[in-house]
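Scroll down for the structure; my scribbles are underneath it.
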Ligand SMILES: CCCO[C@@H]1O[C@H](CO)[C@@H](O[C@@H]2O[C@H](CO)[C@H](O)[C@H](OCc3cn(Cc4ccccc4)nn3)[C@H]2O)[C@H](O)[C@H]1NC(C)=O
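Numbering (my numbering), first residue to last: 54 to 179.
Spelled out as structure tokens, the structure:
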């Protein structure tokens, strides 16, 4: 099942564990080819309260992009809305929005994975 860019968004609804160290939302072609690895870190890999974004091409990570804002707290129930076009991916949260370049020029995705300390409640393609 392919998911295309024109104005669609992937909504991931869930709850951040109360003792979360970090979680990640990955979208792309498969686990080795990611348009976006969106990885909020509460305390892991030496990062505290930092969102790390990256791409992955044939299994190789790209250049990390660390965001300034960290609009997450332990135990939060959130909805993350991911959309993208030929130039960039957009991650929309209730009070924040993050952009990440579409480095791979991906035009549609067929892979979504949520990992780490996040309890998925619902996933919606709209
Ligand atoms: C300072 C020299 C070493 O640099 C460090 O190199 C690490 C290894 O490449 C970087 O960590 C990796 O960053 C990647 C993004 O650039 C990914 O986040 C790598 O994690 C992949 C992954 C996901 N998961 C599942 C998961 C996800 C979230 C929570 C719990 C499990 N397990 N491993 C994560 O291991 C880490 O971000 C990087 N730190 C810096 C400051 O550059």
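Glycine included, every Cβ here is placed at the ideal spot set by N, Cα and C.
Please list, in chain order, all residues of the same chain as residue 62 whose beta carbon is under 7 angstroms from its beta carbon, the five residues on each side excluded.
The residue given as residue 62 occupies position 9 in the chain shown. Excluding residues within five positions, the ones whose Cβ falls inside 7 angstroms are 134, 135, 136, 179.
Distance, residue 83 Cα to residue 162 Cα
Position 109 of the chain shown, counted from the start, is the residue given in the question as residue 162. Position 30 of the chain shown, counted from the start, is the residue given in the question as residue 83. Their Cα atoms are separated by approximately 8 angstroms.
With 16 other CB atoms within 10 Å as the buried threshold, where does residue 176 fall?
Your numbering for residue 176 matches position 123 in the chain shown. Flag for residue 176 reads exposed.
Compute the Euclidean distance between the alpha carbons of residue 67 and residue 76, then round it to the nearest angstrom.
Taking the chain shown and counting its residues from 1, one reaches residue 67 at position 14. Taking the chain shown and counting its residues from 1, one reaches residue 76 at position 23. Approximately 11 angstroms between the Cα atoms of the pair.
Considering only residues of the same chain and omitting the five flanking positions on each side of residue 106, which have a CB-CB separation below 6 angstroms?
Here residue 106 is taken as the residue at index 53 of the chain shown, counted from 1. Within the same chain, residue 106 has close Cβ partners 91, 118, 153.
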